[in-house]
Amino acid sequence: MKKLVFILFVTILDSCGGKDSENTANSYADMTISMDTVVVDSGNEILMAATQSYSHNINDKVDRLYFWDIQSYNLEVVDLDEMVLLEKMPYEKEGPNGVGQYPYQMMLIGDDKVAFVEWNQIVIADMNGNLIKKVKMDEEWMKEGLGEKESLNPLGFSDDGSTVYCTISNFERLNSNIIQVDLENKKTKLIELPEYDKRENFRVTFKSEEGGGMSMSMTYPSLSLDRHQDKLIFWSNAFNALYEYDPEADSLSYRTITNTLTPNEKSGTYQNDVSTLEAMTEVRQQIQQEVSFSKLFWDDQNKVFYRFAHYNLPKIADEAVKSKVFISILNNDFEVIGEKEVTEIFKSVPTAQFVKDGKIHAYLNVDDELGYIRIGVN
Numbered sequence: 001m002k003k004l005v006f007i008l009f010v011t012i013l014d015s016c017g018g019k020d021s022e023n024t025a026n027s028y029a030d031m032t033i034s035m036d037t038v039v040v041d042s043g044n045e046i047l048m049a050a051t052q053s054y055s056h057n058i059n060d061k062v063d064r065l066y067f068w069d070i071q072s073y074n075l076e077v078v079d080l081d082e083m084v085l086l087e088k089m090p091y092e093k094e095g096p097n098g099v100g101q102y103p104y105q106m107m108l109i110g111d112d113k114v115a116f117v118e119w120n121q122i123v124i125a126d127m128n129g130n131l132i133k134k135v136k137m138d139e140e141w142m143k144e145g146l147g148e149k150e151s152l153n154p155l156g157f158s159d160d161g162s163t164v165y166c167t168i169s170n171f172e173r174l175n176s177n178i179i180q181v182d183l184e185n186k187k188t189k190l191i192e193l194p195e196y197d198k199r200e201n202f203r204v205t206f207k208s209e210e211g212g213g214m215s216m217s218m219t220y221p222s223l224s225l226d227r228h229q230d231k232l233i234f235w236s237n238a239f240n241a242l243y244e245y246d247p248e249a250d251s252l253s254y255r256t257i258t259n260t261l262t263p264n265e266k267s268g269t270y271q272n273d274v275s276t277l278e279a280m281t282e283v284r285q286q287i288q289q290e291v292s293f294s295k296l297f298w299d300d301q302n303k304v305f306y307r308f309a310h311y312n313l314p315k316i317a318d319e320a321v322k323s324k325v326f327i328s329i330l331n332n333d334f335e336v337i338g339e340k341e342v343t344e345i346f347k348s349v350p351t352a353q354f355v356k357d358g359k360i361h362a363y364l365n366v367d368d369e370l371g372y373i374r375i376g377v378n
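Here the numbering used here is used: position 30 in the sequence shown is 30, and no number is missing along the way.
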């Protein structure tokens with residue numbers, strides 16, 4: 001295993017007060033942050049996971065990273081205990097085990113299956129490259145209740161792969177509900193997230209009919225799915241609050257999260273539809289000057305969540321955009337037990353991906369090798 005560069009210790013005081021936090025076993029009233037860097041040993045291979053920070057799939061045990069390289073049709077597997085590349089598993093484009101012409105996204109299903117997402121199609125295969133099934137996402141029973149211009153976009157699967165959770169794509173007005181698709185019984189269920197209807201306030205769309213055709217660009221807040229223990233978390237980067245769904249009990253809870261150092265949601269008023277790309281860029285930059293939230297990162301060792309928040313400062317001439325960055329620590333009931341501005345430590349928002357051995361691991365490209373900044377919060 002390759003290890004690299006620096007160790008930094010920073011003490012942060014007076015992060016959070018009040019009786020609730022004082023009565024918490026670990027209130028994080030005095031916060032100490034330590035950082036070092038580790039680099040994955042890729043041997044003589046070129047590790048494509050090092051080239052980008054997205055599409056990194058981490059298993060539930062947090063001991064494997066899976067990265068789909070669509071150029072080579074290889075699934076890269078990294079051992080996160082030893083920080084070494086284990087293998088590159090080849091998949092076929094065509095034929096009996098073909099996973100499609102352009103599977104732009106890969107998702108894990110439990111410990112032994114993967115799903116490759118194409119336009120209107122999901123291909124499920126095992127870890128040895130064998131195709132299990134193909135699922136068309138535009139079958140009539142799936143589309144029941146959807147508008148004419150709406151379609152399903154997969155977010156994630158149940159462990160056994162029998163259920164897929166989908167957002168609803170709508171290029172005219174955002175739909176923030178979730179469709180639970182039961183692939184075995186060919187049934188769908190609507191999971192309504194009414195508090196997220198406000199995402200529409202931050203949609204910006206540009207349409208052009210030049211050249212005889214229609215082109216469109218669109219930007220909007222995220223709607224994402226994460227798993228925590230036996231529950232699912234639906235969250236958006238525009239809001240601190242989240243939805244917690246228990247599939248076993250079929251129950252949905254709206255969980256508010258209250259920070260004091262930042263607003264708890266975006267709140268401005270913006271133009272939704274613009275006539276030029278320049279106007280779209282301007283509105284997007286204004287929205288980015290409001291608070292945005294990362295996913296919640298569960299630390300199984302310390303039994304807390306970590307979350308980053310940030311907002312951009314107005315751009316000055318040709319200078320790079322600067323951000324204010326904050327970190328929060330939450331208990332298992334989503335109560336904030338520590339928070340602090342950490343702009344002086346993190347000049348930009350850390351690209352955090354997972355927590356292992358009590359440390360947040362943030363993506364880092366180190367001379368085209370996959371590395372992580374390991375952030376300890378005590």
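All C-beta atoms in this analysis are idealised placements derived from N, C-alpha and C, irrespective of residue type, glycine included.
Spatial neighbours of residue i in its chain, beta-carbon cut-off 6 Å, leaving aside the 5 residues before and after
i    : result
S53  : T351, Y363
D197 : S176
T24  : Reliability of the predicted coordinates at T24 is poor, the pLDDT of 42 falling under 50, and no value is obtained from them.
N312 : Q288, Q289, V321, S323
K189 : Q180
K88  : N74, E76
Run of the beta strand (DSSP E) containing residue i, from where it starts to where it stops
i    : result
R284 : R284 -> not in any beta strand (DSSP E); alpha helix (DSSP H) instead, spanning 277 to 287.
W141 : Where W141 is concerned, there is no enclosing beta strand (DSSP E), although the alpha helix (DSSP H) it sits in stretches over 140 to 143.
M218 : 215 to 219
L242 : 242 to 246
L155 : 151 to 157
F234 : 231 to 235
N264 : Here N264 belongs to no beta strand (DSSP E), and DSSP marks it neither H nor E.
W119 : Unbroken run through W119: none, as it is neither H nor E.
M107 : 105 to 109
S323 : 323 to 330
Between the CA atoms of residue j and residue i - distance to the nearest angstrom
i    : j    : result
M83  : M31  : 28 Å
V342 : L252 : 33 Å
A115 : I109 : 7 Å
P154 : K136 : 11 Å
E150 : F171 : 8 Å
K133 : N74  : 19 Å
A29  : N264 : 21 Å
K347 : Q271 : 30 Å
N201 : T258 : 21 Å
F305 : E335 : 10 Å
P247 : S328 : 28 Å
E369 : T51  : 8 Å
G98  : E140 : 25 Å
K322 : L131 : 46 Å
P96  : P90  : 14 Å
E94  : D111 : 25 Å
A49  : K231 : 28 Å
V204 : Q288 : 12 Å
L193 : I46  : 42 Å
K315 : N185 : 53 Å
D318 : S158 : 47 Å
L65  : V117 : 18 Å
G376 : T262 : 22 Å
L225 : I168 : 13 Å
N44  : E282 : 45 Å
E148 : D81  : 48 Å
D138 : D63  : 35 Å
Q285 : R199 : 16 Å
Q71  : V39  : 23 Å
Q101 : S267 : 41 Å
K61  : D273 : 44 Å
K340 : F326 : 6 Å
Residues near residue i by beta carbon distance below 7 Å, same chain, minus five either side
i    : result
D357 : Q301
I373 : M35, T37, P350, A362, L364
L86  : V77, V78, D79
E195 : A241, Y254
I191 : N177, I178, Q180, Y245, L252
W68  : S55, L75, M106
N59  : L108, D111
S222 : S236, N237
G156 : M107, Y165, L225
Contact set for residue i: own chain, Cβ-Cβ below 8 Å, skip 5 residues either direction
i    : result
L277 : F206, S217
G129 : M89, P90, Y91, E92, N97
N331 : T24, K303, V304, F305, I337
Q121 : G100, K134, V135, K136, M137
CB contact below 9 Å: residue i versus chain D
i   : result
K93 : This model lacks chain D altogether, as it is built from one protein chain only.
- Message: Pairs of beta-carbons, one from the region 292 to 302 and one from the region 208 to 218, closer than 8 Å: are there three or more?
- Response: The region 292 to 302, when compared against the region 208 to 218, does not touch it at the 8 Å Cβ threshold.
- Task: Answer yes if the region 204 to 211 comes into contact with the region 226 to 243, meaning at least three C-beta pairs across the two stretches below 8 Å, and no otherwise.
- Result: With a cut-off of 8 Å, the region 204 to 211 and the region 226 to 243 do not count as touching, because too few Cβ pairs lie within range.
- Does the region 177 to 193 touch the region 162 to 169, meaning 3 or more C-beta pairs lie closer than 8 Å? Output reads yes: the region 177 to 193 touches the region 162 to 169.
- Three or more C-beta pairs closer than 8 Å, one from the region 141 to 149 and one from the region 105 to 125: is that the case here? By the C-beta criterion, the region 141 to 149 is judged not to be in contact with the region 105 to 125, since fewer than 3 inter-stretch pairs fall below 8 Å.
- Counting only runs that start and end within the region 173 to 201, where is the beta strand (DSSP E) found for 3 or more residues in a row? If we require 3 residues or more, the beta strand (DSSP E) runs fully inside the region 173 to 201 come out as 175 to 182, 187 to 191.
- Along the chain, which unbroken stretches of the beta strand (DSSP E) at least 3 residues long are found entirely within the region 28 to 57? For the region 28 to 57, whole beta strand (DSSP E) runs of length 3 or above, ordered along the chain, are 31 to 39.
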